[in-house]
Amino acid sequence: MTATLTKLSTSDSSGRGYLLLPPAGGTLRAFGPLAEAAGADVWGVEYPGHGDQLAEPPASSIEELATLVAGALPTDWFSRSVTIGFGMGAFVALEAAQRLGVAPGALIVVDACAPQRRSPDKNAKAGASAMGRVFGRTGLTPVAGYRDSPESWEYALDLLLGDLQLLNAYRGPARTRLSCPLAAMRGTDDPASASGDDATGGWRVWTSGPFVGRVVPGGYLGVLETGREAEFWGRIHRLEAAFLDVEPDVA
């Protein structure tokens, strides 16, 4: 069982690269247009049992998945990269950093409630049809692009439901703070972030470095909608600039 690190785009830019970690049900396929618009080196991790790694058995827990992801990441490179975790990918990023024993150059979490503010059993009893309705009305989702084929739709929902089982069983990381800049971004219409600033500000406790929280228009993972790639990277660059104006937590 393995997770694979794949280069999604290449640039002549001398800036540090980006690492993208997919949300629940997500594969690297969804990141293609986003990576191409970055103007930077972009890498992504394909989880076992997903996308190009479909032949691999899926991880049995977020902790196991993070261990596999950590095993795929060169420590020195990871320490310089800007890691962006979408949804479930935010928890995988945090857990992987703790396993590597080194923080990324910066961590940006998108539409992921802070671990200590989560309700892990919220979707425990949801079936495929219920989750299809939920994710079908919240903007771009991990299952977008599969709707034209019943077989593909079933495949996408199976991935999503399998990952939601991991999330429902996940009780959060050990309380070991990172030392890197950390930003939390969420959509105003994301139903999972109905608790307002709790969903973003709660991430502050997970780093001793600078922290920035942002609320942006859109639903769950709406920042990934087709046609919004330049807007997304503009937001990322503004977050990176904001880190320079924020004092780290020295407590």
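Counting in the working numbering, the sequence shown runs from 2 upward without gaps. Ideal placement from N, C-alpha and C gives every residue a C-beta, glycine not left out. No experiment lies behind these values; they were computed from the predicted model shown.
With 16 other Cβ atoms within 10 Å as the buried cut-off, status of residue i
{"i": "L66", "result": "buried"}
{"i": "G228", "result": "exposed"}
{"i": "A71", "result": "buried"}
{"i": "R119", "result": "buried"}
{"i": "G18", "result": "buried"}
{"i": "E155", "result": "exposed"}
{"i": "D112", "result": "buried"}
{"i": "S82", "result": "buried"}
{"i": "A97", "result": "buried"}
{"i": "G235", "result": "exposed"}
{"i": "A157", "result": "buried"}
{"i": "L245", "result": "exposed"}
{"i": "A231", "result": "exposed"}
{"i": "T201", "result": "buried"}
{"i": "L20", "result": "buried"}
The ligand NAD heavy atom lying under 8 Å from the CB of residue i
{"i": "L108", "result": "For the ligand NAD, the structure offers nothing, since it holds no ligand at all."}
Between the CA atoms of residue j and residue i - distance to the nearest angstrom
{"i": "A185", "j": "V110", "result": "5 Å"}
{"i": "S209", "j": "E241", "result": "16 Å"}
{"i": "I237", "j": "A39", "result": "10 Å"}
{"i": "V213", "j": "Q54", "result": "34 Å"}
{"i": "E226", "j": "S180", "result": "31 Å"}
{"i": "V103", "j": "A94", "result": "11 Å"}
{"i": "P24", "j": "V224", "result": "13 Å"}
{"i": "G163", "j": "N169", "result": "10 Å"}
{"i": "G50", "j": "E57", "result": "5 Å"}
{"i": "L9", "j": "L35", "result": "9 Å"}
{"i": "Q166", "j": "G26", "result": "11 Å"}
{"i": "F32", "j": "D77", "result": "24 Å"}
CA nearest to the CA of residue i, picked from the options
{"i": "G88", "options": "A242, F212, L240 and G188", "result": "G188"}
{"i": "F92", "options": "A73, V216, L22 and T7", "result": "L22"}
{"i": "L160", "options": "M2, P59 and A4", "result": "P59"}
{"i": "T7", "options": "E64, G27 and L74", "result": "L74"}
{"i": "F79", "options": "A243, V217 and Q99", "result": "Q99"}
{"i": "P218", "options": "V206, F233, W207 and W204", "result": "F233"}
{"i": "Q117", "options": "P211, G26 and R205", "result": "R205"}
{"i": "L69", "options": "T5, D77, F244 and P182", "result": "T5"}
{"i": "I85", "options": "G106, D77, S62 and I63", "result": "G106"}
{"i": "T28", "options": "G52, G90, L108 and L101", "result": "G52"}
{"i": "E47", "options": "M2, W207, Y171 and V216", "result": "M2"}
Residues that DSSP places opposite residue i in a beta bridge
{"i": "T5", "result": "E47"}
{"i": "A184", "result": "I109 and V213"}
{"i": "L165", "result": "L165 is not bridged to any residue."}
{"i": "T76", "result": "T76 pairs with nothing; no bridge assigned."}
{"i": "V83", "result": "Y19 and A107"}
{"i": "T208", "result": "L179"}
{"i": "S256", "result": "There is simply no residue 256 to check, as the chain begins at 2 and stops at 252 in what is shown."}
Identify every run of the beta strand (DSSP E) within the stretch 16-63, keeping only runs that are complete inside it and at least 3 residues long; order them along the chain.
19-22 and 43-47
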